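Everything on this sheet refers to the single structure shown next.
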Amino acid sequence: MRRRSTRLWLGLCVLLGSAMDGRAATLVSATDSHIAYSPYNWCQSVAACAQSPNPGAYLKMGFTGTSLAVNLDVSPETQAPVPVAQYPILRYSVDGKAPVTTQLTPTTTSISCAAGLSGGPHTLRMQLVAGYVFLDFWTPVNVVRITGFTLDDGAVVCAPSGADALQPHAALFYGDSITNGDNTVANFKDGVTNATETQDATVGYVQPIAAALGAEYGVVAYGGASWDSGAADSHTPGLMTFWQSFDSTHSRLVSGKLSPIPDDIFVNMGENRGPAAGDVSSLLTSLRAASSTSTNIWIIVPFSGRARTALTEGFASYRRARPKDQRAFLLDIGDNPYLTDSGATMLAVDGQHPLAALDALLGAQLIQARASKLRETLGAKRRRP
């Protein structure tokens, strides 16, 4: 008994001593099942890490204890090397409080998101705000790579709750720089630089749509990309290839399907270059096979009106070939007067990329257009004998 008591006492002393000097900690894997990563964004097949190249990608988690750090690996950037000013920018919020924005550096190994919290459950939301449009997203170099999380000794992670609780809907957004929020926070004085400081993927037109749908959502968009031409980074291919892949070596599909099966897929592509003959029909066929018969697939005519004819003809071709598919739609909200592509306007620094205020308006218009299309379709079904 004495030997056992001595061991217990020594163990207690070690535990108390570690807690008092702050050395004890719980390390949580980046692939822990309690961590909710935005769907369709994060590849978790890279050395037990979670990585994403997509501005707009986010994670949510619950945790206990008084502190939390997110551990990261910036070796893809340092080995490139990436200009320090263009490292990815992240934004995080603990317990729904004022968000903190931070930029990764060549020496970043972790971000301390919380310290000195009260006991009890807490939540973290972290989002990739910006990634330099001209850097390689496909090899990939321009990524956020999370290696794990550090909590208090004995603390645990759990599903996010409260305002960060998981939403029942799943939405996927494909597009170019307009979809990932490039130049949403540019200013008229300095013009458009396409630098990380002018991008904020959290204030694009995607967010009001996701909020209205009550959706967890994934933004898969690359500046300069089009239907079948590569992006501005000179590495990422066009939509016809990247729709199904995280990067050059990792598929986005699980047994041929998107995971989770989306309730809605939005495709906003054509501002840089319209589809070639057969592209729209081919993509719709592939997306339908990778989702379900009940998934709503929306082909959006670019807000400037570009590629309207090619998109309309391509969509009509698909509907002729598959007349029973009543869940594929063309969304056309008309030419926006501020997106003339002929120089700065009131709500676009370059006349092409919406500022945040215009994105909010566009999102609201798309929500209304979506609802109208669904009413028409469901109403037509009810009227059939």
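So in the numbering used here, the last spot in the sequence shown is 387, and the numbers never skip.
Yeah, the Cβ is synthetic: ideal placement off N, Cα and C, and Gly gets one too.
Computed from a predicted structure; not experimentally measured.
Proximity to residue i [Cα-Cα], best of the options
i, options, result
"I91", "Y134, S35 and T80", "Y134"
"S228", "L215, D235 and N274", "N274"
"A132", "G118, P162 and A203", "A203"
"E199", "S283, Q246 and Q105", "Q105"
"S261", "A291, T186, P162 and G177", "A291"
"D154", "A167, H124 and F139", "H124"
"T109", "Q88, L74, T186 and K62", "L74"
"T251", "P85, I37 and C45", "C45"
"S236", "G381, L137 and A373", "L137"
"A87", "K191, P101, T107 and S95", "T107"
"G276", "T379, W245, T311 and S293", "T311"
"A157", "G258, A279, G64 and S47", "G64"
"A165", "S294, E218 and S69", "E218"
"C115", "V84, P210, Y224 and G67", "G67"
"Q201", "Q53, P57 and L29", "P57"
"L289", "F305, I267 and G272", "I267"
"T70", "S95, A52 and Y176", "Per the sequence presented here, residue 70 reads as Leu, with Thr not at that position. Residue S95 is the option with its Cα nearest to L70."
"A213", "A362, K375, G272 and I148", "A362"
"A233", "I211, V256 and M271", "M271"
Proximal residues to residue i (C-beta, below 6 angstroms), its chain only, five neighbours per side dropped
i, result
"G307", "D337"
"D265", "H171 and A172"
"N196", "V135"
"D2", "As displayed, the chain neither begins before 3 nor continues past 387, which places residue 2 out of reach and without an answer."
"S294", "I263"
"D23", "Its pLDDT being 41, under 50, D23 is placed unreliably by the model, and nothing is read from it."
"Y207", "D361, L364 and G365"
"D334", "V303"
Residues that DSSP places opposite residue i in a beta bridge
i, result
"N189", "G193"
"I113", "V72"
"D154", "A27"
"Q246", "Answer is none; Q246 lacks a bridge partner."
"A52", "I148"
"I211", "Its beta-bridge partners do not exist; DSSP assigns none."
"M128", "L61 and Y94"
"D235", "BP columns for D235 are empty, so no partner."
"A223", "G177"
"A82", "According to DSSP, A82 bridges with nothing at all."
"H171", "A217"
Which of helix, strand or coil DSSP assigns to residue i
i, result
"G177", "strand"
"A330", "strand"
"V143", "coil"
"R372", "helix"
"K39", "Checking the displayed sequence, the identity of residue 39 turns out to be Tyr instead of Lys. It is a strand residue."
"T204", "helix"
"V135", "coil"
"T314", "helix"
"T347", "strand"
"Y89", "coil"
"V102", "strand"
"D361", "helix"
"Q367", "helix"
"A32", "coil"
"A309", "coil"
"D230", "coil"
"E378", "helix"
"V269", "strand"
"Q46", "strand"
"V303", "coil"
"L341", "coil"
Residue i, buried or exposed, once every other Cβ within 10 Å from all chains shown has been counted against 16
i, result
"R377", "exposed"
"M242", "buried"
"P41", "buried"
"N189", "exposed"
"Q81", "exposed"
"L2", "Look at the range of the chain in this structure, 3 to 387, and you will see that residue 2 is not part of it."
"Q370", "exposed"
"D174", "In the sequence as displayed, the identity of residue 174 is Leu instead of Asp. Per the 10 Å Cβ criterion, buried."
"Y221", "Per the sequence shown, residue 221 should be read as Val rather than Tyr. So V221 counts as buried."
"H36", "exposed"
"R25", "In this predicted model, R25 has a pLDDT of only 47, less than 50, meaning its place in the structure is not dependable; the value taken from the coordinates is given anyway. Exposed: under 16 other Cβ atoms inside 10 Å."
"L130", "buried"
"G240", "buried"
"D192", "exposed"
"T238", "buried"
"V102", "exposed"
"A309", "buried"
Residue-chain proximity (residue i, chain B), Cβ-Cβ < 8 angstroms
i, result
"A212", "In summary, chain B is missing from the structure at hand, where a single protein chain is found."
Chain-order list of residues whose beta-carbon lies under 7 angstroms from that of residue i (same chain, five-residue window excluded)
i, result
"P55", "G133, F139, P142, N144, V145 and D249"
"L360", "Y340, L349 and A350"
"S283", "G316, S319, Y320 and A323"
"S31", "A50 and G150"
"L29", "G150 and T152"
Other residues of its chain near residue i: CB distance less than 8 angstroms, five sequence neighbours each side excluded
i, result
"A38", "L61, K62, M63, A161, P162, L168 and E218"
"S112", "A71, V72, N73, L74 and T152"
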